[in-house]
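Sequences listed follow chains F and C, in order. Numbering-wise, the working numbering comes out as the position in the first sequence, counting from 1, plus 6. Numbering-wise, the working numbering comes out as the position in the second sequence, counting from 1, plus 78. In this text, a Cβ means the ideal position worked out from N, Cα and C, and glycines have one as well. Bear in mind the structure is a predicted one, so any value in this text is a computation, not a measurement. The structure appears right after this line, and notes come after that.
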Amino acid sequence: MRKQPSVGALLISLSLAGLLVGCGGSSSTSTPPPPPVSNVQTIAVDGGPVPGQIYPDGAFTSVTVCEPGTTTCQTVNGILVDTGSVGLRVLASAIPGLSLPKLTSGSDTFYDCVSFIDGSFLWGPVAEADVKMAGEVASASPVHLIEDPTGFAVPTGCSNGGVDEDSQAALGANGILGVGPEPLDCGLACDPSIGGTPPPVYFGCLSTGSCLTAFVPIGQQVVNPIVLFPADNNGVILKMQALSSPAATATGSMIFGIGTQSNNQLGSATVFTLDNFDNFTTKFNSQTLTSSFIDSGSNGFFFDDSAIPQCPVSSIAPGFFCPASTANLSAQNLGTNSAQNTVNFSLGNAVDMFQSNPGDTAFPTLGGPGFTGSFDWGLPFFYGRNVFVAIDGQTVPSGKPAAPWWAY
Amino acid sequence: MKNLRIGVALLALVSPFHLHAALGGRADSVETDRAHMKGTVQTRQTALYSVHEIKATSGVLVREYVSPSGTVFGVGWHGVYVPDLQQLLGSYFEQYSEGARAQKASYVGRRPLNLELPGLVVQMSGHMRAISGRAYIPGQVPAGVKLEELQ
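The structure is reproduced here in structure tokens:
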């Protein structure tokens, strides 16, 4: 029997000054902005890093991970770019040459547990790294190392009956870069100030495998690395090439910052502010779907429509839609600021598109059944668009609504 | 909090008997779930069923749908994390777990869970920090109930 583990005060000295400013603090001294750096990172829909396996409609990039404050670094490719999550999660097996300091307190090591909507979960220690993309550096970022514990099993409070994606084959990637509209993967709900029982997101574990859920201060939680960039830290643009039919690959870029450099101006994009759950509303088929979202980490359009047949479970495309012919559909997106936009999209037969285009990885009309009350605008939505993600708490261009928001 | 580990051990001891079953259980299992979640419960009655809404202090909301015959035929959840599914799904937990594993092995990619098993449907959606889901027993949903009401 032991007390709920907590992250000690000493570790708070490692906390993220930039993040605290981003979360609403104000700076009393005005420092000149750092000179502009390269803020363009290449992304590609290329099937992912697993040999012999095609990850359809997944956007991948490379991230350089360094031991903090050193030049001991490793560049990891095959990192899934995900606007539906927050924080960098890397397979520990993908960075064997690095020894990253782990978040500990006394005898406890702190582990992160994140669940995804497909019933999978990721477990592993929180570690500190310098994260580099393009010319940008997020120094001393708490990141999540995906690995099974040594000497004990993942606690059932984390696994919750789900699927452990602890290998490249299971994950379909070497890691996930969460660049959604929040600075932290848990936030106040996991901060000690909230009190009560900690949610099953962070766990403090002894080497014996005795794990208890734990609060972790926001300064030590797994962070959206963008908010730690010295500049270009208020959001990101995903810019994908247009695609009218399946393709071997599709290319694009991830541009850091919104309105901070000449290449990331908002221009005529419509801003959709989000509700408390970072959702907006999609009107589709005379339904008002109030828990809708844009998620580059979902590999299709996912929505509830019982009129469209699903592909057979035994086919090469289980869980996708298989309409008799390509359906041309339309929906309206609606922000909490009442901004509106009509999206026209096409939905194809997934079995046909996979069979007719062997080896292709980019499918602009891929979709499948989704959840009641929700429209999941997955990666096909990004083809031919510039999608802006403005991060909660960060400073947005003057005249624009407070983040979080999406714009396109 | 010191007794948390003992509590967890006790739960593990009794769970094989499904004393905590919610889905498929009797309406009085709602109270067990409320206590497990350290939450508050509000009940509302519709023409076809009653809804027990449990709000946990740690950021999760659970709705349990009870038929006139007193059976929990559906559960829904929404929050920062996925609630304890062993607790909520009860005797259906293993079926869910095996089904989720089999489904995940059948495709490459990431998407909302849509698990339609014999006698059990489990679905999830959302994104990090705002995950929603539901599970129901199709054969026990009272006639006339629209499935989109269960969430």
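Using the beta-carbon count (16 or more within 10 Å), is V150(C) buried or exposed? buried
Which residue comes first and which comes last in the beta strand (DSSP E) that contains A135(F)? Where A135(F) is concerned, the enclosing beta strand (DSSP E) stretches over 126 to 139.
Say yes only if the C-beta of E109(C) is nearer than 8 Å to one or more non-hydrogen atoms of the ligand HEM, and no if none qualify. Judged by which ligands are present, the structure shown has none, so any question about the ligand HEM falls away.
So, using beta-carbon positions, are H156(C) and V144(C) closer together than 9 Å? no
Are any of the Cβ atoms in chain C nearer than 9 Å to that of C192(F)? Flagged as an interface residue toward chain C: C192(F), by a C-beta distance shorter than 9 Å.
Against chain F, does L74(C) count as a neighbour if the rule is that its beta carbon must be under 9 Å from one of theirs? Past the boundaries of the shown model lies residue 74(C); chain C is included only from 79 to 229, so the question cannot be answered.
Could you tell me whether any Cβ in chain F is nearer than 9 Å to the Cβ of T135(C)? Yes, T135(C) lies at the interface with chain F (some Cβ there is under 9 Å from its Cβ).
Where G341(F) and T287(F) are concerned, what is the direct C-alpha to C-alpha distance, given to the nearest angstrom? Looking at the two C-alpha atoms, the distance is approximately 6 Å.
Can the beta-carbon of F158(F) be found less than 9 Å from the beta-carbon of C217(F)? Yes. Within cutoff.
What number of angstroms, rounded off, separates the C-alpha of P220(C) from the C-alpha of Y208(F)? Rounded to whole angstroms, P220(C) and Y208(F) show a C-alpha spacing of 39 Å.
From the DSSP output, read off the bridge partner residues of P375(F). F309(F)
Simplified DSSP state of R141(C), which is helix, strand or coil: Reduced to three states, the DSSP call for R141(C) is strand.
Spell out whether any CB of chain F is found under 9 Å from the CB atom of E142(C). no
Taking DSSP as the reference, what is the three-state secondary structure of I200(F)? The answer is helix: DSSP assigns I200(F) an H, G or I state.
Is it buried or exposed for A408(F), if we count other Cβ within 10 angstroms and need 16 for buried? Residue environment: A408(F) is assigned as exposed (fewer than 16 neighbouring CB atoms within 10 Å of its CB, all protein chains considered).
Where does P216(C) sit, in a helix, a strand or coil, going by DSSP? P216(C) carries a helical assignment under DSSP once its states are collapsed to helix, strand and coil.
I397(F) - DSSP class collapsed to helix/strand/coil: coil
Using the three-state DSSP reduction, which class does R195(C) fall into: helix, strand or coil? Per the sequence shown, residue 195(C) should be read as Leu rather than Arg. Reduced to three states, the DSSP call for L195(C) is strand.
Once DSSP output is grouped into helix, strand and coil, what is the label at D88(F)? strand
Flag this pair as touching only if the region 212 to 226 of chain F and the region 179 to 192 of chain C have three or more C-beta atom pairs under 8 Å; answer yes or no. Result no; under three Cβ-Cβ pairs closer than 8 Å.
According to DSSP, is D118(F) helix, strand or coil? strand
Could you list which residues in chain C have their beta carbon closer than 7 Å to that of E1(F), in chain order? Look at the range of chain F in this structure, 7 to 414, and you will see that residue 1(F) is not part of it.
Three-way DSSP call (helix, strand, coil) for Y61(F) in this model: coil
V393(F) CB to nearest chain C CB: under 9 Å? no
Kindly give me the distance between the Cβ atoms of D63(F) and P386(F), rounded to whole angstroms, as I take these residues to be in contact under 8 Å. 6 Å
Using a Cβ-Cβ cutoff of less than 7 Å, which residues in the same chain neighbour P403(F) once the five nearest sequence positions on both sides are dropped? Excluding sequence neighbours, P403(F) sits near I264, G265, L272.
Taking the straight line between their C-alpha atoms, what separation do you get for Q165(C) and S268(F)? Computed Cα separation, rounded: 53 Å.
Let me know the secondary structure DSSP gives A144(F) once reduced to three states. Strand, per DSSP.
Starting from S304(F), find everything on chain C with Cβ-Cβ shorter than 7 Å and list it in chain order. R188, R189
For the region 234 to 253 of chain F and the region 158 to 174 of chain F, state whether three or more C-beta atom pairs, one from each stretch, are separated by less than 8 Å. The region 234 to 253 of chain F vs the region 158 to 174 of chain F: no contact.
E131(C) by DSSP, collapsed to three states: which one? E131(C): strand per DSSP, three-state reduction.
Start and end residues, alpha helix (DSSP H) containing K182(C): 171 to 182
Identify whether C317(F) lies in helix, strand or coil by the three-state DSSP scheme. Here C317(F) sits in coil by DSSP.
For G197(C), decide whether its Cβ has a neighbour in chain F, counting only Cβ atoms nearer than 9 Å. no
Measuring only the C-alpha atoms, how far is S321(F) from A134(C)? 41 Å
If you draw a straight line from the C-alpha of S173(F) to the C-alpha of G405(F), how long is it? 45 Å
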